[in-house]
């Protein structure tokens, strides 16, 4: 006799089977997550997005050869990082630390400067500690807009721990190694040489100074991506800034020649590499470093450099994007230069009544004046306008001023990176749009007036320098 509820019983058995399947699948997923496979898949999926975006850009350009060569190069860079042995910083002997620093397996991420530097001998320094760690340069070389600043690269390279070592001693040991022996003339044995990665030190091939919010990050990204295997680009790295902050800012004053000596050694150590493909090093400095161009030029008198500037109203509007309280130019304002005091007096203004817009314009004006002063004093610098910056970099600045051959491959890569936001962290990986006219149209009367009063003459002077460079066949507006 067939029971009347046989249909319900069948459905019940089916539901039980489905429940078993669901529980089994959930268990498998949980096991995979516990072993890290889930995170690995997610990371691969997320890592593919920038490449997919780039490929769409390259496809629109219709150049399969460029895309394939770029993929091959980036694959090689990532493969090199994956093959590198990770360093356990906890149990290193002194000899191991020295070997890692001297052979360029770790890079200078930061420095600490003690007060002892104030009592150093002239043209020397002391009490400076270098902090070294293993930097994943492949990230910046293949996608510089995703890691636009050196601090982004350091954070992503897992540099929480580091090797702390006296900087002056590190310089001495590196120079000894390159000279083939120690101070007593003892050369390294053949077995020691074979056990060490081949390393060398790159001198700076170019400095990028700037007014701020004027395309300087585009310039550093272009230099990185044009020849990723050959170029290393530091974008606003802390070590050089720390030197200036300790010795030159906030009323500080190190002994004569100390700042230059320390800058020279810091940059020397930053140029250390164990990658034979790396041949050139460029540095984009923080905007405040522009006030101290003369110190960089004294340390590296033959190194070419550029100063990037922009229409005053556009820079001011960019600075005030998130309000006056967040404007970097307002925070960095410290005092009123003597020449500006005359302008204030002639316009019935006083230092105590300056508006945020006026403070910003005065600070930016001090940077532009420092750039102009350095341009007047040397023949190694060039003024570069934000307008048409990408074309200018490709056609004149990089090949003629920095002396780096511009291949068609490099030109295409710069074109691609120029179509993205230079600081493309997080959700800003979309295509870049020029907003210069929009900034001018939305500028407040206060911004326009401050720009004209405190930045107008500096902008005109920089335009004159740019035109002179153009007449010499080196730069284009």
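Numbering (the numbering used here), first residue to last: 94 to 570.
In this text, a Cβ means the ideal position worked out from N, Cα and C, and glycines have one as well.
Whether residue i touches residue j by CB criterion (8 angstroms)
i, j, result
"residue 539", "residue 408", "no"
"residue 371", "residue 295", "yes"
"residue 464", "residue 555", "yes"
"residue 475", "residue 490", "yes"
"residue 517", "residue 239", "yes"
"residue 367", "residue 515", "no"
"residue 359", "residue 321", "no"
"residue 551", "residue 461", "yes"
"residue 195", "residue 270", "yes"
"residue 317", "residue 261", "no"
"residue 381", "residue 427", "no"
"residue 222", "residue 251", "no"
"residue 341", "residue 351", "no"
Supposed contact pair residue j and residue i - C-beta distance, whole angstroms, cut 8 angstroms
i, j, result
"residue 411", "residue 306", "4 angstroms"
"residue 384", "residue 459", "7 angstroms"
"residue 455", "residue 429", "6 angstroms"
"residue 375", "residue 299", "5 angstroms"
"residue 229", "residue 202", "Residue 229 to residue 202, Cβ: 12 angstroms. No contact."
"residue 266", "residue 191", "6 angstroms"
"residue 513", "residue 525", "6 angstroms"
"residue 224", "residue 257", "6 angstroms"
"residue 436", "residue 302", "Going by Cβ atoms, the distance from residue 436 to residue 302 rounds to 24 angstroms, so no, they are not a contact pair."
"residue 594", "residue 511", "No statement about residue 594 is possible, as the shown extent of the chain runs from 94 to 570 and does not include it."
"residue 362", "residue 544", "At roughly 40 angstroms, the Cβ-Cβ gap does not stay under 8 angstroms, so residue 362 and residue 544 are not in contact."
Separation of residue j from residue i, as counted between CA atoms
i, j, result
"residue 534", "residue 330", "35 angstroms"
"residue 210", "residue 393", "22 angstroms"
"residue 241", "residue 112", "49 angstroms"
"residue 457", "residue 548", "7 angstroms"
"residue 509", "residue 500", "14 angstroms"
"residue 312", "residue 486", "7 angstroms"
"residue 395", "residue 494", "12 angstroms"
"residue 205", "residue 255", "13 angstroms"
"residue 431", "residue 244", "36 angstroms"
"residue 292", "residue 226", "16 angstroms"
"residue 561", "residue 324", "29 angstroms"
"residue 108", "residue 114", "10 angstroms"
"residue 448", "residue 344", "24 angstroms"
"residue 452", "residue 334", "22 angstroms"
"residue 213", "residue 391", "19 angstroms"
"residue 558", "residue 347", "33 angstroms"
"residue 439", "residue 537", "23 angstroms"
"residue 264", "residue 364", "11 angstroms"
"residue 328", "residue 563", "27 angstroms"
"residue 182", "residue 468", "45 angstroms"
Exposed unless 16 or more other CB atoms sit within 10 angstroms - verdict on residue i
i, result
"residue 553", "exposed"
"residue 481", "exposed"
"residue 218", "buried"
"residue 472", "exposed"
"residue 336", "buried"
"residue 497", "buried"
"residue 118", "exposed"
"residue 178", "exposed"
"residue 470", "exposed"
"residue 415", "exposed"
"residue 572", "Residue 572 lies beyond the stretch modelled for the chain, which goes from 94 to 570, so this question has no answer here."
"residue 207", "exposed"
"residue 478", "buried"
Residue i, DSSP secondary structure in three states
i, result
"residue 561", "helix"
"residue 305", "coil"
"residue 499", "coil"
"residue 202", "strand"
"residue 138", "Low confidence applies here, because residue 138 scores a pLDDT of 43, under 50, leaving its location unreliable and the question unanswered by this model."
"residue 209", "helix"
"residue 365", "strand"
"residue 421", "helix"
"residue 434", "helix"
"residue 526", "coil"
"residue 252", "coil"
"residue 462", "helix"
"residue 257", "strand"
"residue 396", "coil"
"residue 456", "helix"
"residue 300", "strand"
"residue 347", "coil"
"residue 181", "coil"
"residue 472", "coil"
"residue 115", "helix"
"residue 409", "helix"
"residue 243", "helix"
"residue 223", "strand"
"residue 373", "strand"
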